[in-house]
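Colleague: Sharing a structure below in structure tokens format, with a few things to ask.
2 protein chains.
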Amino acid sequence: MTDRSVSRGIVSRDRWAAQIAALDGTPSAPRSRREPITAGRIVDAALQVVEAEGFDALTMRRVAAALQASPGALYAHVRDKAELDDLMIGELCSRVTLPVPDPARWKAQAIDVCRQLRDQYLRYPGIWRATLAAAPHSLDTLRINEGLLAILLAGGVPPQPAAWAIDAAFQYVGAYSVMSLRRHPDQDTDGRVVDRAELIERLRMLPADRFPITVAHAPELTSGEGHARFDFTLGLLLEGVTPDTS
Amino acid sequence: MTDRSVSRGIVSRDRWAAQIAALDGTPSAPRSRREPITAGRIVDAALQVVEAEGFDALTMRRVAAALQASPGALYAHVRDKAELDDLMIGELCSRVTLPVPDPARWKAQAIDVCRQLRDQYLRYPGIWRATLAAAPHSLDTLRINEGLLAILLAGGVPPQPAAWAIDAAFQYVGAYSVMSLRRHPDQDTDGRVVDRAELIERLRMLPADRFPITVAHAPELTSGEGHARFDFTLGLLLEGVTPDTS
DNA sequence: TTTTCTATTGAACATCGTTCACTCAGGTGC
DNA sequence: GCACCTGAGTGAACGATGTTCAATAGAAAA
Numbered sequence: 001m002t003d004r005s006v007s008r009g010i011v012s013r014d015r016w017a018a019q020i021a022a023l024d025g026t027p028s029a030p031r032s033r034r035e036p037i038t039a040g041r042i043v044d045a046a047l048q049v050v051e052a053e054g055f056d057a058l059t060m061r062r063v064a065a066a067l068q069a070s071p072g073a074l075y076a077h078v079r080d081k082a083e084l085d086d087l088m089i090g091e092l093c094s095r096v097t098l099p100v101p102d103p104a105r106w107k108a109q110a111i112d113v114c115r116q117l118r119d120q121y122l123r124y125p126g127i128w129r130a131t132l133a134a135a136p137h138s139l140d141t142l143r144i145n146e147g148l149l150a151i152l153l154a155g156g157v158p159p160q161p162a163a164w165a166i167d168a169a170f171q172y173v174g175a176y177s178v179m180s181l182r183r184h185p186d187q188d189t190d191g192r193v194v195d196r197a198e199l200i201e202r203l204r205m206l207p208a209d210r211f212p213i214t215v216a217h218a219p220e221l222t223s224g225e226g227h228a229r230f231d232f233t234l235g236l237l238l239e240g241v242t243p244d245t246s
Numbered sequence: 247m248t249d250r251s252v253s254r255g256i257v258s259r260d261r262w263a264a265q266i267a268a269l270d271g272t273p274s275a276p277r278s279r280r281e282p283i284t285a286g287r288i289v290d291a292a293l294q295v296v297e298a299e300g301f302d303a304l305t306m307r308r309v310a311a312a313l314q315a316s317p318g319a320l321y322a323h324v325r326d327k328a329e330l331d332d333l334m335i336g337e338l339c340s341r342v343t344l345p346v347p348d349p350a351r352w353k354a355q356a357i358d359v360c361r362q363l364r365d366q367y368l369r370y371p372g373i374w375r376a377t378l379a380a381a382p383h384s385l386d387t388l389r390i391n392e393g394l395l396a397i398l399l400a401g402g403v404p405p406q407p408a409a410w411a412i413d414a415a416f417q418y419v420g421a422y423s424v425m426s427l428r429r430h431p432d433q434d435t436d437g438r439v440v441d442r443a444e445l446i447e448r449l450r451m452l453p454a455d456r457f458p459i460t461v462a463h464a465p466e467l468t469s470g471e472g473h474a475r476f477d478f479t480l481g482l483l484l485e486g487v488t489p490d491t492s
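Protein chains in written order, with the numbering used here: chain A, 1 to 246; chain B, 247 to 492.
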């Protein structure tokens, strides 16, 4: 009975995506002509969905529709949605290129690696939430960890502070990537977009007796164009473990 | 037809919780004797659910069952589950007590405030995910921000670095709270619990040619009892903005 | 050509958030 | 004392989600 909705105007997003995906190619192409489903193609399709519509739109049905397949077909190549999340994070991590450690530029190298990871996260909005379901110590994650560790150790940082600082940097990169989704295109409860000028105005509207500093320093609170805050925080994390002079 | 399952052995968790909640009091108490539902009672019940069973178990039906009410009844006092998330975070933030700034102890005071927030997050496992649905600048959040800002400014930190460091600290506290859920009781893909000794063993099993540093420094990588890493990272964030001598 | 096997389907199941027509207890005007 | 109204709460639904599974179709093997 819900299939009736195909001929009507409103249709579910999954079915809509399936219709879009079925546009190319002959309409009734023999099924076997389609290249077989693999875990790699599932991950690629999932990443495309996230890139175009965000992590909230990532659905098993949505991925299956993008692959012109049935939802159940995915489970022959992927155990869970959690495993799909894991594979996506692994793919993202594998794209990060690690430099050969240069003791003179260790800090810049470390920041660059973190920036690569941040850009991958930002390219696929909200995908950092997949790390909550992903394995904490996968091989791809450990690879970046190893690379960063090599950079810091080459810079003369002792192993334990280096490991802890890298851990903190990873967690910050993730949190920054999720939070920055709504930093500039901030949404009101009514759905109105709030830019920085309006944000300052709002902070200034606070009662000055209970929020004196916030009212007084609203510009500093909302400052930080681009990724200035990101670089600032990573600078703090890496500056604190600097061995001698940088 | 699914109602048949009440008399059988297996029953859904929500229904089970409703049965448990119905144990006390007269079985067929007149409905009006129950104290009315308010937003505050909903938030309290939701927090109890999260404290006992984790954020994943937080369901509108589950909260309604704990209140011995119908799921739809909640929507008269709470617009969304997102608004419920917002209210829970607000409640948690309101429990954080802010000290009067003492310029001599500004760093310890700042760390203490962050620790309070961390302990609230850790008390309700996974609840930090509610901040993803919550308003980014609620009054309760701004209150803590104001308090921390007062502490740092009293310590002589310039406004902009103070604001940015506080922001970074907040994001780290959240990420730390979510991640630490599976830090010590780490789960294998098979569900086996992995303690630190086994974690070291696993890191040592890595191929030494591709992970030389990880293999060599496995103990340092897994070290950090209790909240040592937490204190370490906050120390880095606050040390970097220290005005002169601490 | 026939058989076997593996990948895929399509329909289900349980659960989730959310909505809505209805009920029902308690206060209000006669 | 009685009818009315009002608003909070109910219970059943709707659509969407992850996941499972018997049935099946296509290709490979005999």
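Just so you know, even glycine gets a beta-carbon here, dropped at the ideal spot from N, CA and C.
Between the Cα of Pro212/A and those of Pro371/B, Arg389/B, Leu304/B, spot the shortest distance and give me the residue it belongs to.
Modeller: Residue 212/A sits at position 212 when you count from the first residue of the first sequence. Nearest of Pro371/B, Arg389/B, Leu304/B to Pro212/A, Cα basis: Arg389/B.
Colleague: Does the CB of Ala356/B have a neighbour CB from chain A at under 8 angstroms?
Modeller: If you number the second sequence from 1, residue 356/B lands on position 110. Not closer than 8 angstroms to any Cβ of chain A, the Cβ of Ala356/B fails to qualify, so no.
Colleague: Could you name the residues of the region 464-480 of chain B whose beta carbon sits closer than 7 angstroms to any beta carbon of chain A, in the order they occur along the chain?
Modeller: Hits within the stretch, in order: Glu466, Leu467, Ser469, Gly470, Arg475, Phe478, Thr479.
Colleague: To the nearest angstrom, how far is it from the Cα of Ala65/A to the Cα of Ala380/B?
Modeller: Here residue 65/A corresponds to residue number 65 of the first sequence, with the count starting at 1. Here residue 380/B corresponds to residue number 134 of the second sequence, with the count starting at 1. Cα to Cα, Ala65/A sits roughly 31 angstroms from Ala380/B.
Colleague: Output, in chain order, the set of chain A residues within a Cβ distance shorter than 7 angstroms of Phe301/B.
Modeller: Within the second sequence, residue 301/B is the residue found at index 55, counting from 1. Within 7 angstroms Cβ-Cβ: nothing; Phe301/B doesn't reach chain A, min ~10 angstroms.
Colleague: Under 8 angstroms, Cβ to Cβ, is there at least one residue of chain B near Ala69/A?
Modeller: Counted from its first residue, the first sequence places residue 69/A at position 69. Closer than 8 angstroms: no.
Colleague: Just the Cα atoms here: how many angstroms apart are Gly240/A and Glu471/B?
Modeller: The residue given as residue 240/A occupies position 240 in the first sequence. The residue given as residue 471/B occupies position 225 in the second sequence. Going from the Cα of Gly240/A to the Cα of Glu471/B covers about 21 angstroms.
Colleague: Taking the straight line between their C-alpha atoms, what separation do you get for Ala168/A and Ala228/A?
Modeller: Locating residue 168/A in the first sequence gives position 168, where the first residue counts as 1. Locating residue 228/A in the first sequence gives position 228, where the first residue counts as 1. Those two C-alpha atoms are separated by around 18 angstroms.
Colleague: Give the DSSP-derived three-state secondary structure of Gln116/A in the structure shown.
Modeller: On the first sequence, position 116 is the one that residue 116/A refers to. Of the three classes helix, strand and coil, the one that applies to Gln116/A here is helix, per DSSP.
Colleague: Using a Cβ-Cβ cut-off of less than 7 angstroms, list which residues of the region 407-427 of chain B approach chain A; keep chain order.
Modeller: Cβ contacts with chain A come from Ala409, Trp410, Ala411, Asp413, Ala414, Gln417, Tyr418, Gly420, Ala421, Tyr422, Val424, Met425.
Colleague: Just the C-alpha distance for His323/B and Val289/B, rounded to the nearest angstrom, thanks.
Modeller: As a position in the second sequence, residue 323/B is number 77, starting the count at 1. As a position in the second sequence, residue 289/B is number 43, starting the count at 1. The alpha-carbon atoms of His323/B and Val289/B are separated by roughly 10 angstroms.
Colleague: Please confirm whether Glu485/B has its beta-carbon closer than 8 angstroms to some beta-carbon of chain A.
Modeller: Taking the first residue of the second sequence as position 1, residue 485/B is located at position 239. Yes, contact with chain A.
Colleague: Within its chain, find whatever has a CB closer than 7 angstroms to the CB of Ala442/B; leave out the 5 residues flanking it on each side and keep chain order.
Modeller: Your numbering for residue 442/B matches position 196 in the second sequence. According to the sequence as given, residue 442/B is Arg; it is not Ala. Thr468.
Colleague: At the level of alpha carbons, what is the spacing between Ala328/B and Val461/B?
Modeller: Residue numbering aside, residue 328/B sits at position 82 when the second sequence is read from its first letter. Residue numbering aside, residue 461/B sits at position 215 when the second sequence is read from its first letter. One C-alpha to the other measures close to 44 angstroms.
Colleague: Who are the neighbours of Glu392/B on chain A, taking C-beta pairs under 7 angstroms?
Modeller: In the second sequence, residue 392/B corresponds to position 146, counting from 1. Within 7 angstroms Cβ-Cβ: Phe211, Ile213, Thr214.
Colleague: Hey, is Leu333/B's beta-carbon within less than 8 angstroms of any beta-carbon in chain A?
Modeller: Along the second sequence, read from residue 1 onward, the residue named residue 333/B stands at position 87. Judged by the 8 angstroms Cβ criterion, Leu333/B is not in contact with chain A.
Colleague: Quick check: the Cα distance between Glu91/A and Asp140/A, rounded to an integer number of angstroms?
Modeller: The residue you call residue 91/A lines up with position 91 of the first sequence. The residue you call residue 140/A lines up with position 140 of the first sequence. Whole-angstrom Cα-Cα distance: 8 angstroms.
Colleague: When burial is assigned at 16 or more other CB atoms within 10 Å of the CB, is Asp102/A buried or exposed?
Modeller: The count along the first sequence starts at 1 and reaches residue 102/A at position 102. Result: exposed.
Colleague: Gln160/A by DSSP, collapsed to three states: which one?
Modeller: Residue mapping note: residue 160/A aligns to position 160 of the first sequence, counting from 1. It is helical.
Colleague: Measure the CB-CB distance between Tyr422/B and Phe476/B and report whether it falls below 8 angstroms.
Modeller: The count along the second sequence starts at 1 and reaches residue 422/B at position 176. The count along the second sequence starts at 1 and reaches residue 476/B at position 230. In contact: Tyr422/B and Phe476/B (Cβ atoms closer than 8 angstroms).
Colleague: Can you tell me whether Arg308/B is buried or exposed? The criterion is at least 16 other CB atoms within 10 Å of its CB, across all chains shown.
Modeller: The count along the second sequence starts at 1 and reaches residue 308/B at position 62. With 16 or more Cβ atoms within 10 Å of its Cβ, Arg308/B is classed as buried.
Colleague: Take every Cβ of the region 93-109 of chain A, pair it with every Cβ of the region 150-158 of chain A, and state whether three or more of those distances are shorter than 8 angstroms.
Modeller: Yes, since at least three Cβ pairs between the region 93-109 of chain A and the region 150-158 of chain A fall closer than 8 angstroms, the two stretches touch.
Colleague: Over what stretch of residues does the alpha helix (DSSP H) that includes Ala400/B continue unbroken?
Modeller: Locating residue 400/B in the second sequence gives position 154, counting from the first residue. Looking at the DSSP string, the run of the alpha helix (DSSP H) that includes Ala400/B is 385-400.
Colleague: Would you say Ala350/B lies against chain A (beta-carbon separation less than 8 angstroms)?
Modeller: For this step, residue 350/B is matched to residue 104 along the second sequence. Not closer than 8 angstroms to any Cβ of chain A, the Cβ of Ala350/B fails to qualify, so no.
Colleague: Please report the straight-line C-alpha distance between Asp358/B and Pro158/A, rounded to a whole angstrom.
Modeller: Your numbering for residue 358/B matches position 112 in the second sequence. Your numbering for residue 158/A matches position 158 in the first sequence. Approximately 27 angstroms between the Cα atoms of the pair.
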